[in-house]
Amino acid sequence: MENKITKVEKRDGRIVDFEQEKITNAIFKALTATREGDGKKSKRLSNKVVSFLNRRFKKEEIPKVEEIQDIVEEVLILEGLVATAKAYILYREQRRRIREAVKFSEEAVERVDQYLEKLDWEVQENANMTFSLQGLNHYATAYVIRQYWLNKIYPKEIREANEDGDLHIHNLDTLGPYCVGWDLYDLLLKGFGGVPGKVETKPAKHFRVALGQVVNFMYTLQGEAAGAVAFSNFDTLLAPFIRYDNLNYQQVKQALQEFLFNMSVPTRVGFQCPFSNITLDLKPSSAFAKQPVIIGGKPQNETYEEFEEEMKIFDKALYETMLEGDKSGRPFSFPIPTINITKDFPWQDPAFDSIFEASAKYGTNYFANYINSEMKPEDVRSMCFTADTRLIYKEGKHSRYQRTTIRNLVNNWNPKKEFYLLINGKCVKITDAFKLKNNSGKIIKVELRNGEIVKMTPDHPAMIIENGKLKQVLVKNLKVGDFIPIAKNAYKGGLGDFELGRWLGLYVSEGGIDKNEVYFSFNKNEKELQEFVKKIAEERFAFPVRVTKDPRWDTIQVWVKSKSAVEWVRKFCSGEKAPRKRLLASLYGMSKDFRLGVLVGIYQ
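Residue numbers for the sequence shown follow the numbering used here, so the first one is 51 and each next one is one higher.
Pasting the structure below:
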């Protein structure tokens, strides 16, 4: 076939002469590295690549370097050279990263000038960030973090779409979560602490102290997230301090004014004030209404539903201060109040007029519409555990997993010991465990048709399905015949497919490790399983395989000689002989299909 390809477009746009020799050399290096071929084979494969190029590009078309390399990969895979294809792909990625590193070092100095001269649109991307020395520092480090996201975390397709301008990924400058909600009740109960080596505070006993702890908490945690840090039930939980401190309206307003000014100080990275949000209930939240108020970290005799008037004082003082703004009349941008609009919203109550005045003047509020929703603001609090919920945990990071219940864990809690919980396949350290007071003194046992038994307090909210819609009721109002929704789908998990899982399951059931080899033992008639193990080892991993017979037991053993194979099975299974094998936590984070495959492999 006549070669129509005479030119190639380089990555920098330059047009150069096409040289087949370069393709031949690249393939030769990959073949010799994996011991799958020699010079003759590399020439033959190179000719095949050129043949593909001539079929896919017209005479006047000029292929790009990346397009030629894609065809090389395709040819290697079509030829069944899995190990060589893998080596070539890794080589391409390594070369790309080297080019990125060189480009990065050259651009790093230029970015300082781009910021100082405001040449880059990203200088103005964040309205909360001021042009400053801290802004420059953030701009410079953001470039490094962005490259990490695009090269180490996101897949190639996402990186290329972002670089080509097909989509814009916001907040690539922060290697962390976006928005995070925190529990104000927990802060009032335990105080602010938990960071090793840093100052800790006792639970707040006074209104201004509680607001001060909120400020410190939000500033500290804002450094760990790109988006907003938020507290819910803000007025419900803080209003009781007003009565306990015997404060008049002016004192409440002064304290909230200090709070708003403190929340507007630009000391966050990049010379920003913290991106913060508070949810206001306007009347006692049903989630806390019957619960004892927390002052100084201790439950008091009164409950939150007794402090509705103090909540009105709190909300009025907060919005009056927001309407006044700062010394120059500028609005306070943060925290952003969220107001839940429900069917029973007090539209006509004059105590809340300032909410809408602030929205009209500054656009202060975010309104969450629950009027046409099946959900209520408190529904999220229905998703909790009961004392009888079974857990998989271990005492000490290197000990074995055990089963227990939340009740046993709390009753035997020892803060001097380390406990770890298995959640979504990951080993997570438990930081605290404590009891909450049950005011009713009663426990209701709810038995479901599937045999599941749940014990809850009478005032605990529960979700039922009524007339095809979700409805929240208190547990004491549940009736025989009510339908409680239960998750129909298993945890989806992460990577892995059914066949890989089945391969691992066969190892768990019939395999072992001998030095640098993984072996599988089968009955001589289980030919399908033998072929399956060989196929996965060779096609998926490019592991060398050998088959032996054991005359003692009339069995067939399939041996996979590879350190990588040994490491792979050890990632999911400890123990090298049948009696000592244990599935590890990492398995539970794999995909649903992978986990199903493991079960099928074990039972086969």
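Glycine included, C-beta positions come from ideal geometry on N, C-alpha and C. Since the structure is predicted, the reported quantities are computational estimates derived from the model, not experimental observations.
In the DSSP secondary-structure assignment, residue 505 is bridged to 495. Per DSSP, the continuous beta strand (DSSP E) segment holding residue 387 begins and ends at 386–391. Residue environment for residue 134: buried (at least 16 other C-beta atoms within 10 angstroms of its C-beta).
Beta-bridge pairing by DSSP links residue 477 to 472. Going by DSSP, residue 618 is part of no beta strand (DSSP E) but of the alpha helix (DSSP H) stretching over 613–622.
Counting the other Cβ atoms within 10 Å of the Cβ of residue 272 gives 16 or more, which makes it buried. Residue 338 holds the alpha-carbon nearest to the alpha-carbon of residue 287 among 338, 57, 460 and 559.
Distance from the CA of residue 95 to the CA of residue 126, rounded to the nearest whole angstrom, comes to 8 Å. Residue pairing of residue 268 in beta bridges, as defined by DSSP: absent, with no partner found. When C-alpha distances from residue 384 are compared across 197, 378, 280 and 404, the shortest belongs to 280. Per DSSP, the continuous beta strand (DSSP E) segment holding residue 232 begins and ends at 230–232. If you draw a straight line from the Cα of residue 393 to the Cα of residue 518, it is about 20 Å long. Classified as buried, residue 645 has 16 or more neighbouring CB atoms from the shown chains inside 10 Å of its CB. The stretch 204–224 makes no contact with the stretch 234–252: fewer than 3 CB pairs, one atom from each, lie closer than 8 Å. It is roughly 23 Å from the alpha-carbon of residue 653 to the alpha-carbon of residue 599. Looking at the DSSP output, residue 416 sits in a beta bridge with 388.
Annotated as distal: residue 364 and residue 343, with beta-carbon spacing of 9 Å or more.
Take residue 477, set aside five residues on each side of it, and the residues of its chain with a beta-carbon closer than 6 Å to its own are 470 and 635, in chain order. Annotation: residue 536 to residue 438 spans about 17 Å, alpha carbon to alpha carbon. In the three-state reduction of the DSSP assignment, residue 279 falls in the strand class, which pools E and B. For residue 642, the enclosing alpha helix (DSSP H) begins and ends at 642–653.
Under a 10 Å Cβ-count criterion, residue 263 is classified as buried, with 16 or more other Cβ atoms of the shown protein chains found around its own Cβ. In terms of Cβ geometry, residue 408 and residue 372 form a close pair [threshold 9 Å]. Secondary structure note for residue 398: it is in no alpha helix (DSSP H), with a DSSP letter that is neither H nor E.
Assigned with DSSP and collapsed to three states, residue 219 falls in coil, not helix or strand. Between residue 265 and residue 309, the gap from beta carbon to beta carbon is short of 9 Å.
Judged by DSSP secondary structure, residue 342 falls within the beta strand (DSSP E) whose first and last residues are 342–345.
The alpha helix (DSSP H) runs of length 4 or more contained entirely in the stretch 519–577 are, from start to end of the chain, 548–560. Judged by pairs of C-beta atoms under 8 Å, the stretch 133–150 touches the stretch 78–95, as three or more such pairs exist. Residue pairing from DSSP places residue 633 in a beta bridge opposite 623. Closest by C-alpha distance to residue 107, out of 58, 551, 375 and 391, is 58.
Counting along the chain, the unbroken beta strand (DSSP E) around residue 443 starts and ends at 440–445.
For the pair residue 66 and residue 60, the Cα-to-Cα distance works out to about 7 Å. As the crow flies, the alpha-carbon of residue 583 is around 34 Å from that of residue 145. Considering only 588, 624 and 625, the residue with the shortest C-alpha distance to residue 611 is 588.
Just so you know, the alpha carbons of residue 499 and residue 643 end up roughly 28 Å apart.
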